[in-house]
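Colleague: Numbered as in the working numbering, the sequence shown ends at 208 without a single skipped number. Virtual Cβ for every residue (Gly too), placed ideally from N, Cα, C. Just so we're clear, the structure is a prediction, and the values are computed from it rather than from any experiment. Could you have a look at this structure, given as structure tokens, before my questions?
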Amino acid sequence: MTTVTSPLAGRAVGLAAVPDPVFSGAMVGPGTAIDPVREPTEAVAPVDGLVVSMHPHAFVVMDADGHGVLTHLGIDTVQLNGEGFELLVSKGDQVRRGQPVIKWNPAAVEAAGKSPISPIVALEASADALSTVAESGEVATGGDLFVWN
Numbered sequence: 060m061t062t063v064t065s066p067l068a069g070r071a072v073g074l075a076a077v078p079d080p081v082f083s084g085a086m087v088g089p090g091t092a093i094d095p096v097r098e099p100t101e102a103v104a105p106v107d108g109l110v111v112s113m114h115p116h117a118f119v120v121m122d123a124d125g126h127g128v129l130t131h132l133g134i135d136t137v138q139l140n141g142e143g144f145e146l147l148v149s150k151g152d153q154v155r156r157g158q159p160v161i162k163w164n165p166a167a168v169e170a171a172g173k174s175p176i177s178p179i180v181a182l183e184a185s186a187d188a189l190s191t192v193a194e195s196g197e198v199a200t201g202g203d204l205f206v207w208n
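Structure follows, in structure tokens:
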């Protein structure tokens, strides 16, 4: 069982509220999304594990049980070509839950015409593999988002 914690402070909105059909339809996997506080911040690791994918706008951490958790900072942010994102770790690094991974500014993403809503997704999981999914309310960085059974 893996508890996935929030990489960001903000408001949990659930995947259905993500303005992208791939995420809102849970095609990438189940999970939730955070509408982040509009200030410069650091996205932190949602689990202890290995960084298996690293992009300026997204990262995947795989825990010891083989659970891959995707954090995608904003929607269509790949089109920003890394502008406004600072990588703090590299692919292949071991990270601890709560460790800063990427610096970014959700307000700047929004000013560039992109949604800052950030999906946090359990990769290659079925919807019934998750429990206690946060889909509303304020969430602190490091607050519980969901449990992967």
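Could you tell me how far apart the beta carbons of Leu-67 and Ala-102 are, in whole angstroms, since I believe they sit closer than 8 Å?
Modeller: So it is a contact: roughly 6 Å between Cβ atoms.
Colleague: My understanding is that Gly-108 touches Phe-205, with C-beta atoms under 8 Å, so please give their C-beta distance in whole angstroms.
Modeller: Not really, about 16 Å apart at Cβ, beyond 8 Å.
Colleague: Where does Asp-203 sit, in a helix, a strand or coil, going by DSSP?
Modeller: In the structure shown, Asp-203 sits in a strand (DSSP, three-state: E or B).
Colleague: Can you look up Val-96 in the DSSP assignment and give me helix, strand or coil?
Modeller: In the structure shown, Val-96 sits in coil (DSSP, three-state: anything other than H, G, I, E or B).
Colleague: Please return the same chain residues whose Cβ sits closer than 7 Å to the Cβ of Gly-143, not counting the five positions on each side in sequence.
Modeller: Correct list, in chain order: Trp-163, Asn-164, Ala-167, Val-168.
Colleague: Please report the straight-line C-alpha distance between Ala-171 and Ala-188, rounded to a whole angstrom.
Modeller: Using only the alpha carbons, I get a separation of about 36 Å.
Colleague: Excluding the 5 residues preceding and the 5 following Val-192 in the sequence, name in chain order all residues of the same chain whose CB lies nearer than 8 Å to its CB.
Modeller: Here the set comprises Gly-73, Pro-89, Gly-90, Thr-91, Leu-204, Phe-205.
Colleague: Rounded to the nearest angstrom, how far is the Cβ of Ser-177 from that of Leu-129, given a contact under 8 Å?
Modeller: Contact doesn't hold; Cβ gap of about 10 Å is too wide.
Colleague: How would you call Pro-99, buried or exposed, if buried means at least 16 neighbouring beta carbons within 10 angstroms?
Modeller: It counts as exposed.
Colleague: Considering only their Cβ atoms, is the gap separating Gly-127 from Glu-197 smaller than 8 Å?
Modeller: No.
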